[in-house]
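Residue numbers (our numbering), protein chains in the order written: chain Z, 125 to 659; chain C, 125 to 659.
These notes concern the structure reproduced below.
Next comes the structure, spelled out in structure tokens:
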């Protein structure tokens with residue numbers, strides 16, 4: 125027998141720490157759900173405080189204010205049941221919790237039982253594990269709650285809840301995006317629906333938070349694991365559906381478009397939630413800065429993107445022409461600030477120290493750092509955020525200059541390998557129209573810090589490099605395994621050694637959007653001081 | 125009845141990841157202990173792989189090689205019992221473990237039962253909890269092992285081990301230093317010895333690893349909680365003592381000397397374990413760079429420290445004289461690189477963009493970043509590590525320039541509040557002789573980035589600021605509590621807001637030695653994007 129309930133999923137973009145603002149937004153969504161005649165409305169995991177609140181959870185005052193807000197919110201909710209994620213406290217322990225609110229009261233509270241403490245997650249740093257597999261009734265139908273990780277375990281609370289007669293399970297989540305996660309997530313949920321014979325309403329957070337972006341894509345499956353309703357990707361939405369609804373074929377983004385949207389939202393939320401409007405980007409004539417600018421335009425509007433072209437004596441006319449053409453096509457402002465005069469002043473100022481020494485990467489780095497200084501000066505003067513333009517391939521190998529091209533408040537492509545930079549440029553940005561000039565995409569990559577420089581002087585070609593990085597960084601494969609996968613041993617050894625020895629640079633890098641299974645940052649916590657070498 | 129055993133504590137400095145090198149060192153110490161006729165020799169927690177190995181633990185090959193090394197080591201140990209920290213693996217789970225080695229074999233393995241997952245610790249990210257309170261015999265005497273955190277719990281494994289007749293407990297540790305930790309640690313151990321009627325041999329790691337420094341100070345207490353032997357602070361040592369030994373009065377460093385030694389060792393190990401010999405420091409004529417240089421000299425020798433004086437038009441003659449005098453007294457090299465010419469080149473290059481805008485902190489930051497670029501150029505050219513000189517008070521309030529004075533591979537004073545900078549300068553460095561010129565210590569602090577600038581233009585006096593930082597950062601006190609502790613509300617509000625809004629700068633700061641109960645870095649994980657404001 126099908127349970128009959130009208131469910132509203134409130135897929136909201138909560139801001140970390142903004143207890144009052146989030147509470148207002150939650151109430152708005154609850155009221156809209158009521159207008160839509162929903163029986164129950166479900167908010168994401170920790171919707172009240174945003175996710176992840178990290179060490180804010182160590183502040184007693186933060187927990188206090190969050191408790192005050194959930195109680196104040198409860199008093200305003202009548203005529204509908206609401207499930208709202210918040211931080212509960214019992215004695216001195218805190219819990220990742222969900223409140224069941226109705227008739228102006230918190231009727232029940234569920235505590236998350238499985239606390240993720242891997243990858244980007246540190247939940248055992250803060251929370252105690254819940255023990256009670258709560259089941260409650262809405263319109264006479266037995267319902268249950270799971271919080272995110274709970275549903276990933278076959279032996280999790282769901283089994284007990286189903287045994288106690290639960291027919292509909294509300295899973296509230298803050299499930300960070302990475303490529304391929306969505307289908308994996310759906311598979312688990314559909315499997316759990318079938319295995320336990322329950323409807324599942326999977327509610328996900330949406331929005332960017334530092335290194336993470338939450339993709340939304342909330343959905344409802346019936347007890348046969350069929351998706352009957354699905355919310356948008358990377359957007360807020362109030363999804364209302366009856367459990368009696370017919371099947372809905374989800375309207376999915378294609379894979380590259382999904383990544384692109386993740387980058388757009390991740391950037392937009394970082395900029396806006398930190399109180400900025402504008403960004404400034406050094407345009408080099410290369411594809412990384414071009415893609416970064418295209419993403420920034422889509423995230424913030426062209427009027428909020430400033431390009432800066434900073435030629436040196438090594439900069440080709442092609443770079444100048446291409447940067448100009450790019451900014452024209454994007455419709456963004458382009459400043460020009462040549463660095464030759466400044467560079468000469470450094471060489472002069474350092475001559476007495478460097479006399480007798482050969483030119484080396486020192487002089488290249490000076491140029492990169494002059495550009496970093498100029499961008500930061502523009503940032504300071506006009507209050508706009510500098511976007512660093514390095515990609516994951518460069519950041520992995522340390523093919524980038526600390527305080528130079530790494531300077532910036534946010535690094536849009538930090539987790540995007542170079543081969544994917546090309547795909548996004550060609551197949552997403554230029555899909556319908558050539559926005560990034562073809563000559564930018566087609567030229568061989570170069571840092572233009574010395575005459576006739578090419579990336580391949582230092583790095584293997586990116587189509588060889590990127591799979592090695594993926595194997596080593598994202599999959600923790602050994603050098604031996606990488607060599608077995610048809611890579612030449614000296615080359616693989618060199619790449620692995622570059623990755624290991626540049627941890628110190630990455631530790632000082634700005635945050636960027638995680639889009640792969642393992643990003644640099646809190647996802648991968650390697651020591652800087654590290655003498656491990658595979659034998 | 126007193127058990128009679130000769131115990132050797134091998135207080136070694138292990139390098140993270142250096143499995144082979146650590147194994148060699150461990151064997152050396154075991155052999156020395158044998159020569160000293162010890163019955164048993166005890167190595168620190170995870171001595172074989174160094175602590176903390178962080179995400180190296182996710183590499184299967186790392187665990188494999190560690191297992192190979194412990195087995196190879198075991199084969200070489202005869203005529204003595206050794207307890208060695210290593211990573212054990214059972215099925216696919218890994219454990220923070222101790223091997224009991226004798227007669228060329230691993231006789232028993234103990235798994236840590238209490239895994240710290242707070243502060244700087246992430247052990248639940250990696251390890252499974254042990255379940256067995258192992259007891260084993262040495263010379264007919266029942267002995268037991270605890271690993272670090274295990275001993276901090278009254279209900280930990282020790283109670284069961286004592287019930288099973290253990291008379292001597294070997295606690296192996298990697299217990300990071302902070303001010304005041306040592307006496308707390310000793311109190312716990314002495315209390316546990318008395319409560320359970322056991323001898324405790326507390327073996328601690330020594331050495332620096334990224335943000336952490338391990339202080340050694342291993343010791344043995346009898347079953348009445350009396351210290352009968354104690355090893356040195358911040359040095360490797362093989363401490364041999366009989367359980368029948370008379371009481372030893374520990375020869376303790378005074379508190380400030382202890383902090384100073386922590387900074388010296390933390391710096392020395394970061395530099396050397398990362399393959400550097402030399403460091404370069406921007407000397408401003410201020411006390412932070414002076415203290416940093418003094419510490420560097422003590423850590424690395426004067427021949428390995430380069431000072432660079434980089435005057436601008438705002439630099440006073442006093443700063444020039446004091447820097448010269450300081451370098452003379454320390455016996456370090458001093459380079460001079462005036463920045464006026466370079467600064468003018470920037471102003472010229474940016475004139476067309478900044479025309480019509482007033483001078484503001486933009487121009488100050490440009491100067492700081494020129495200095496950062498010069499120091500990095502010297503670092504690149506001569507392969508020496510740049511030391512940043514900012515202190516905890518500045519880093520807390522963001523009174524520092526990203527890529528400017530924050531540039532560097534290591535930040536010695538990152539966790540040292542300014543008031544402590546003065547104390548260390550006056551009472552440790554200048555204790556017996558005026559090494560840091562008095563005029564450096566006595567002048568009012570200034571960044572000298574504009575005419576007549578004083579720190580107090582922007583910050584409250586440090587003796588008011590530092591207690592607020594301590595309360596807010598280290599103790600998670602609320603603004604309300606801080607105001608109650610006799611701080612003016614507008615001032616406290618301003619400081620708290622400065623601390624909150626500068627998280628983005630700290631995220632890009634270099635590592636530095638933790639010396640307080642809560643340092644910036646992995647000890648304090650605050651979101652950058654954070655809208656929490658106390659009401």
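Beta carbons: idealized from backbone N, C-alpha and C, even for Gly.
Here the structure is a predicted model, which is why all the values come from computation and not from measurement.
| Query | Result |
| --- | --- |
| Delimiting residues of the beta strand (DSSP E) encompassing residue 235 of chain C | 229 to 235 |
| Separation of residue 290 of chain C from residue 269 of chain C, as counted between CA atoms | 10 Å |
| Cβ-Cβ distance between residue 147 of chain Z and residue 194 of chain Z below 9 Å | yes |
| For residue 271 of chain C, the nearest candidate out of C:264, C:258, C:438 (CA to CA) | C:258 |
| Chain-ordered neighbours of residue 182 of chain Z on chain C, where CB pairs are closer than 8 Å | 600 |
| Unbroken alpha helix (DSSP H) run spanning residue 361 of chain C, endpoints | No alpha helix (DSSP H) contains residue 361 of chain C, which is instead part of the beta strand (DSSP E) from 361 to 366. |
| Stretch pair the segment 421 to 433 of chain C + the segment 384 to 397 of chain C: three plus CB contacts closer than 8 Å | yes |
| DSSP three-state assignment for residue 168 of chain C, whether helix, strand or coil | coil |
| Residues near residue 187 of chain C in its chain [Cβ-Cβ closer than 8 Å; skip 5 each side] | 181, 211, 213, 218 |
| Contact with chain Z by residue 236 of chain C, beta-carbon distance below 9 Å | no |
| Integer-rounded CB distance, given that residue 619 of chain C should sit under 8 Å from residue 521 of chain C | 7 Å |
| Selected residue, minimal CA-CA separation from residue 287 of chain Z, among Z:273, Z:274, Z:303, Z:267 | Z:267 |
| Near-chain C residues of the segment 214 to 227 of chain Z - C-beta to any C-beta below 9 Å | none |
| Rounded separation between residue 645 of chain C and residue 519 of chain C - CA only | 12 Å |
| Alpha-carbon to alpha-carbon, residue 592 of chain Z and residue 177 of chain C | 23 Å |
| Nearest neighbour of residue 411 of chain Z, chosen from Z:497, Z:381, Z:563 [CA to CA] | Z:563 |
| Contacts that residue 338 of chain C makes with chain Z (C-beta to C-beta distance below 7 Å) | None at all; the shortest Cβ gap to chain Z is about 13 Å. |
| N-terminal and C-terminal residue of the alpha helix (DSSP H) that residue 458 of chain Z is part of | Where residue 458 of chain Z is concerned, there is no enclosing alpha helix (DSSP H), although the beta strand (DSSP E) it sits in stretches over 457 to 460. |
| C-beta neighbour in chain Z for residue 653 of chain C, strict 9 Å | yes |
| 9 Å Cβ cutoff, residue 485 of chain C in contact with chain Z | yes |
| Coarse secondary structure for residue 303 of chain Z, derived from DSSP in three states | coil |
| Pick from Z:452, Z:386, Z:419 that is closest to residue 549 of chain Z, judged by C-alpha positions | Z:419 |
| Span separating the alpha-carbon of residue 499 of chain C from that of residue 491 of chain Z | 14 Å |
| CA-to-CA distance, residue 454 of chain Z to residue 525 of chain Z, given in whole angstroms | 27 Å |
| Sub-9 Å separation of residue 530 of chain C and residue 625 of chain C beta-carbons | no |
| Buried/exposed call for residue 469 of chain Z, threshold 16 Cβ in 10 Å | buried |
| Pairwise C-alpha distance: residue 580 of chain C and residue 403 of chain C | 30 Å |
| C-beta neighbour in chain Z for residue 472 of chain C, strict 9 Å | yes |
| CB contact check: residue 259 of chain Z to chain C, cutoff 9 Å | no |
| In DSSP terms, what residue 535 of chain C is bridged to | C:512 |
| Contacting residues, own chain, Cβ-Cβ under 7 Å from residue 575 of chain Z (five flanking each side not counted) | 438 |
| Integer-rounded CB distance, given that residue 362 of chain C should sit under 8 Å from residue 153 of chain C | 6 Å |
| Exposure of residue 294 of chain Z, with buried meaning 16 or more beta-carbon neighbours within 10 Å | buried |
| Enclosing alpha helix (DSSP H) for residue 394 of chain C [first to last residue] | 379 to 397 |
| Under the three-state DSSP convention, the category residue 184 of chain Z falls into | helix |
| C-alpha distance - residue 323 of chain C paired with residue 417 of chain C, whole-angstrom precision | 43 Å |
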